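Asker:
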Amino acid sequence: LAKIFTTAEVAIPAGEERLQEADRLERQYFSGGGSSEGSPSGGVSPRNPQPAQTANMEAQMQQFVMERICEQKEQLFGQFRQQDREMSGLIPKRQWVQVMMQQLGPVCPEVLTPTLLDRLATIWKLKDNVGYVRFLHRFQIRGPDDDANAPDLMREASGLRRKLLDASSQSLEQLLDPNGDRTVSRAEFLGFLPQFKIDVPSAHAGALYETMCRFVQQDPLTVDSAVLCLAIMTRDPPPVNQWSPIAEKIGSEIARAGKSYAYAFRFWDADSDGFLSLEELQQGLRQLPATQHVDMASIEQFMYYIEDMGVSNNRISMFEFIRAVAPRSLAMELHETMLKEILKRVWLCRPALQTLLAQKDPRATNRVSVDDFRSCLEKLNRELEQRGRPILSPIQVASICEVASRGAKTVQYDRFIRGLHVVDAGLTA
Numbered sequence: 002l003a004k005i006f007t008t009a010e011v012a013i014p015a016g017e018e019r020l021q022e023a024d025r026l027e028r029q030y031f032s033g034g035g036s037s038e039g040s041p042s043g044g045v046s047p048r049n050p051q052p053a054q055t056a057n058m059e060a061q062m063q064q065f066v067m068e069r070i071c072e073q074k075e076q077l078f079g080q081f082r083q084q085d086r087e088m089s090g091l092i093p094k095r096q097w098v099q100v101m102m103q104q105l106g107p108v109c110p111e112v113l114t115p116t117l118l119d120r121l122a123t124i125w126k127l128k129d130n131v132g133y134v135r136f137l138h139r140f141q142i143r144g145p146d147d148d149a150n151a152p153d154l155m156r157e158a159s160g161l162r163r164k165l166l167d168a169s170s171q172s173l174e175q176l177l178d179p180n181g182d183r184t185v186s187r188a189e190f191l192g193f194l195p196q197f198k199i200d201v202p203s204a205h206a207g208a209l210y211e212t213m214c215r216f217v218q219q220d221p222l223t224v225d226s227a228v229l230c231l232a233i234m235t236r237d238p239p240p241v242n243q244w245s246p247i248a249e250k251i252g253s254e255i256a257r258a259g260k261s262y263a264y265a266f267r268f269w270d271a272d273s274d275g276f277l278s279l280e281e282l283q284q285g286l287r288q289l290p291a292t293q294h295v296d297m298a299s300i301e302q303f304m305y306y307i308e309d310m311g312v313s314n315n316r317i318s319m320f321e322f323i324r325a326v327a328p329r330s331l332a333m334e335l336h337e338t339m340l341k342e343i344l345k346r347v348w349l350c351r352p353a354l355q356t357l358l359a360q361k362d363p364r365a366t367n368r369v370s371v372d373d374f375r376s377c378l379e380k381l382n383r384e385l386e387q388r389g390r391p392i393l394s395p396i397q398v399a400s401i402c403e404v405a406s407r408g409a410k411t412v413q414y415d416r417f418i419r420g421l422h423v424v425d426a427g428l429t430a
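Our numbering numbers the first residue of the sequence shown as 2 and each following residue consecutively.
1) For I233 versus A332, is the C-beta distance shorter than 8 Å?
2) Just to confirm, are L349 and E72 a CB contact at a threshold of 8 Å?
3) Could you tell me how far apart the beta carbons of E403 and P107 are, in whole angstroms, since I believe they sit closer than 8 Å?
4) Per the contact definition of three or more C-beta pairs closer than 8 Å, is the region 241 to 248 in contact with the region 258 to 272?
5) With which residues is Q141 paired in a DSSP beta bridge?
6) Less than 8 Å between the beta carbons of Q288 and I300, yes or no?
7) Less than 7 Å between C-beta atoms, sequence neighbours within five positions excluded: which residues of the same chain meet that for G252?
8) Are the beta-carbon atoms of A227 and M213 separated by less than 8 Å?
9) Does S318 pass the burial test, meaning 16 or more other C-beta atoms within 10 Å, or should it be called exposed?
10) Put T223 into one of helix, strand or coil per three-state DSSP.
11) What ranges does the alpha helix (DSSP H) occupy inside the region 150 to 232, keeping only unbroken runs of at least 4 residues that lie completely in it?
12) For the candidate residues H336, A53, L209, whose alpha-carbon lies nearest to that of M88?
13) If I'm right that R1 touches M155 with Cβ under 8 Å, what's the distance once you round it to whole angstroms?
14) Have a look at A265 and Q293 and give me their C-alpha separation to the nearest angstrom.
15) Would you mind giving the Cβ-Cβ distance between G90 and Y133, rounded to the nearest angstrom? I have them listed as a contact below 8 Å.
16) From this set, L222, Q61, R416, Q196, which residue's C-alpha is nearest V185's C-alpha?
17) For the structure I just gave you, are there three or more beta carbon pairs, one from the region 403 to 416 and one from the region 54 to 68, closer than 8 Å?
18) Which runs of the beta strand (DSSP E), 3 residues or longer, sit entirely within the region 40 to 121?
19) Nearest-angstrom Cα distance between L231 and D225?
20) When the Cα atoms are used, what is the spatial distance from F81 to R324?
21) How many whole angstroms separate the CB atoms of F193 and L177, which I take to be in contact at a CB cut-off of 8 Å?
22) Is K94 closer than 8 Å to L121 when the C-beta atoms are compared?
23) What alpha helix (DSSP H) runs, 4 residues minimum, are completely inside the region 289 to 359?
24) For L105, which option in A248, S313, E68, E379 has the closest C-alpha, if you only look at C-alpha atoms?
25) Short check: CB of V98 to CB of Q84, under 8 Å?
26) Note down the Cα distance separating F320 from S159, rounded to an integer number of angstroms.
27) Can you tell which of Q219, F136, N382, S330 has the C-alpha that lies nearest to the C-alpha of L340?
28) According to DSSP, is T123 part of a helix, a strand, or is it coil?
29) Among S330, G207, A188, which one has its Cα closest to the Cα of P246?
30) Round the Cβ separation of L418 and L354 to the nearest angstrom and send it over; I've been treating them as touching at under 8 Å.
31) Note the first and the last residue of the continuous beta strand (DSSP E) segment covering V131.
Here you go:
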């Protein structure tokens, strides 16, 4: 098993078979070299490939790069963020190319080039300023029965945030905390999502709850922490303008006082209608040292800035307020946490998992019970832990079992492992 893991660590992240194929195609079609004998058809000059061959080659190159992006997603996010000093969530395309070459170049030798990245940027319709959170999120590892149209957590969570942007604080809290104990249990969260037609399996929703708990280091979540996570959970960070630094100062002073952003909102909501009016915002801001001398005209402009986070209707909701004043660094940390894919560990350790499962299947039926499949994942976890690698949580193990079994009592494990694939979810966003 150790030998298999060693092999997996070398072979899987580098995508050796795809790398060799991509390398061959790169030499034929992009280097200008080669001979007609080496072309896929055996008689077409590599300098003048047929359109169908060119399209197939482009598709293979694109798929190869997408897989490497998924494998290096956290590292890419870290490098993109270093280039984004304002934490706007945007970097110029030239810096995007530099980061991609620096991070992926070593695992894509002689394949990844600035020219190829320029073509891929066109295919992916990237703008001059690349929204790197959305860019990284669009490439996802999916199971054999999932395509690019399958629901995903980040997109569904972003949709939920949009639906709650203009909800009053009272209705929001009643929905999240129906028993009124000021916490949001896992069961309450799972019951909350279907009310807004959030289309994710229960195990995936449980994984989202676990991610939120890990992010704020609470279990169960308080109501205020749940609202914070949902308010800042988005693929597109808030816009940056002249009011952004003031909003950051307000958030910092609230945090320095040891209060949550939701608490400050309720405290400023003098008439308890669940929203902040212009007058309530004015009174609240004048209680803070950073904004106590701000004139009325500036307060009006600041209210417009906050409303830009949601719905412009001359009132501020709790979601709009929190999204405006929460530190951008906090949103970035949550984005980084949300980029971690449930299936990534399985994807990287496919050969090892296949071997473990085959040991549970002496008759070579390519089927094991869900319990045996789970035990193999747990054994995989122990090996990862011994090597100091990130492991799967019990919730993540349950989610993978759900994907692999499709609700049945057995898992067709060969079909599941071979069916793991990377999709571009941005095509349907």
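Ideal placement from N, C-alpha and C gives every residue a C-beta, glycine not left out. Model, not experiment: these values are computed from the prediction.
Answerer: Let me spell this out:
1) yes
2) yes
3) That belief does not hold up - the Cβ atoms of E403 and P107 are roughly 35 Å apart, past 8 Å.
4) no
5) V424
6) no
7) Y262, V326, A327, P328
8) yes
9) buried
10) strand
11) 154 to 165, 170 to 177, 187 to 193, 203 to 217
12) H336
13) Any question about residue 1 goes unanswered here, given that the chain covers just 2 to 430.
14) 15 Å
15) 7 Å
16) L222
17) no
18) 91 to 93
19) 10 Å
20) 22 Å
21) 6 Å
22) no
23) 297 to 308, 319 to 326, 329 to 339, 345 to 349
24) E68
25) no
26) 12 Å
27) F136
28) helix
29) S330
30) Note on identity: in this sequence residue 418 is Ile, with Leu being the wrong assignment. Contact holds; Cβ gap of about 6 Å.
31) 130 to 132
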